[in-house]
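When you line the sequence shown up against this note's numbering, it's residues 73 to 385, in that order.
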Amino acid sequence: MTPDPTPDDALIRRRSLPPNARWVDWIAVDGWHIRTVSWAPMPGKPSILFLNGRADFIEKYSESYWHWRDQGYGLFTFDWRGQGASGRFPTGAGGYFDAWLADVAGLADQCAALLGGPLVLAGHSMGGHLALRHLAAGNAHGYRRAVLFAPMVGIAAQGVPPRVLSWLAQARVNAGAGDTYPPLQGPYGARSRGVHRQRILTGDPERFADEAWWIDGNAALAFGGANWRWVFEASTSCRALAAQGVPEAIKLPVDVFIGMNERLVDAAAARRLVQRLPDGRLHVIAGAAHELLRERSAVQDSLFAAVDGLVAS
């Protein structure tokens, strides 16, 4: 194992990727090119298939990759179609979640072919949501467990009830305004780098600033807020995940980590879902906001230690 990084090393690990990365464009059945990167495991070590969140991109979680590579784990991750460097959906396009679920199934096969098993399925926010739906659809073979960070089981919408939010979003989509933004959302800009968003995502301003640093180096990674179409489709997908018998169909061990200061996804809905999982455990992280993997070092160190114990078990 490598020694604890110095401050300079820590910055390098947040703003560069580990060596020996293998970049491949995976091509979906409809011809869409998905940007992927992978690292082979050390002999006898498991591999992690990591699904990031809405508006995320591969480089944003570089510090986590360095840590997992220090443990010898293999790793496979990617930019979702429609964001990062995997292109953008055309104006007026829909069917986001169906496309993403199909992509996960194909990308999981690609990951297994490149890295072998055993695999741990990890996901953050929207990636955690899609991981759960992927598993509930009968895709648990090949995984030893799932580890999810702030999974989007429901949307925290400033106190707006889920059914009302879904109705508002559907009305906007039906009116031809699905590509417009709800209040407090908008294209990528100054608000995306502001203190308000930082406090919702992480208690660490320096780690928050890393996202903008990566985008300054590659403007194609910039992605704005959620539009009404995404809100409607996300609400519909959350209802599908919560339907009777769906969480109960996930037999794999699932560990869910939620920050005590979570304000972006519905933490109460996540707790309810964990109670319905046959082999689910909830871990509440004190002092943490939404982006658990980009939190302050004390929080992050504790989280990494817990996750390492699960991945290696």
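No residue lacks a Cβ here, since even glycine has one placed at the ideal position from N, Cα and C.
From a predicted model like this one, the values you see are computed outputs, not experimental measurements.
Excluding five sequence neighbours on each side, which residues of the same chain lie with their C-beta closer than 6 Å to the C-beta of residue i?
i: phenylalanine 169; result: Glu305 and Ser309
i: serine 369; result: none
i: tryptophan 104; result: Arg153
i: glutamine 386; result: Residue 386 cannot be examined here, being either before or after the span of the chain that is shown, 73 to 385.
i: aspartate 251; result: Thr163 and Asn299
For residue i, which residues in the same chain have their Cβ closer than 8 Å to its Cβ, ignoring the five residues on either side in sequence?
i: proline 350; result: Glu320, Ile322 and Lys323
i: leucine 313; result: His201, Leu204, Arg205, Ala208, Val225, Pro319 and Leu345
Assuming residue i contacts residue j (C-beta within less than 8 Å), just tell me the rounded distance between them.
i: arginine 244; j: tryptophan 286; result: No, arginine 244 and tryptophan 286 are not in contact; Cβ-Cβ is about 31 Å, not under 8 Å.
i: glycine 241; j: valine 303; result: For clarity, residue 241 is alanine in the given sequence; the question names glycine instead. About 4 Å; that satisfies the 8 Å criterion.
Answer with buried or exposed for residue i, where buried requires no fewer than 16 other C-beta atoms within 10 angstroms of its C-beta.
i: threonine 149; result: buried
i: isoleucine 330; result: buried
i: glutamine 230; result: exposed
i: histidine 213; result: exposed
i: valine 176; result: buried
i: methionine 256; result: A small fix is needed here, since residue 256 is leucine in this sequence, not methionine. Classification of leucine 256: exposed, given that the 10 Å Cβ count is below 16.
i: asparagine 211; result: buried
i: tryptophan 67; result: Residue 67 is absent from the model: the chain starts at 73 and stops at 385.
i: histidine 139; result: buried
i: methionine 332; result: exposed
i: methionine 114; result: exposed
Closer than 7 Å by C-beta to residue i: which residues in its own chain qualify, once you throw out the five before and the five after it? Chain order, please.
i: arginine 265; result: Ala284
i: arginine 86; result: Ser134, Glu135, Arg279 and Asp282
According to DSSP, is residue i part of a helix, a strand, or is it coil?
i: histidine 206; result: helix
i: alanine 157; result: coil
i: threonine 308; result: helix
i: valine 328; result: strand
i: serine 374; result: helix
i: histidine 201; result: helix
Under 7 Å, Cβ to Cβ, is there at least one residue of chain C near residue i?
i: leucine 365; result: In the structure shown, chain C cannot be found, because there is only a single protein chain.
DSSP has residue i in a bridge; who is on the other side?
i: valine 267; result: According to DSSP, which records beta bridges pairwise, valine 267 is partnered with nothing at all.
i: tyrosine 215; result: Leu191
i: phenylalanine 150; result: Thr108
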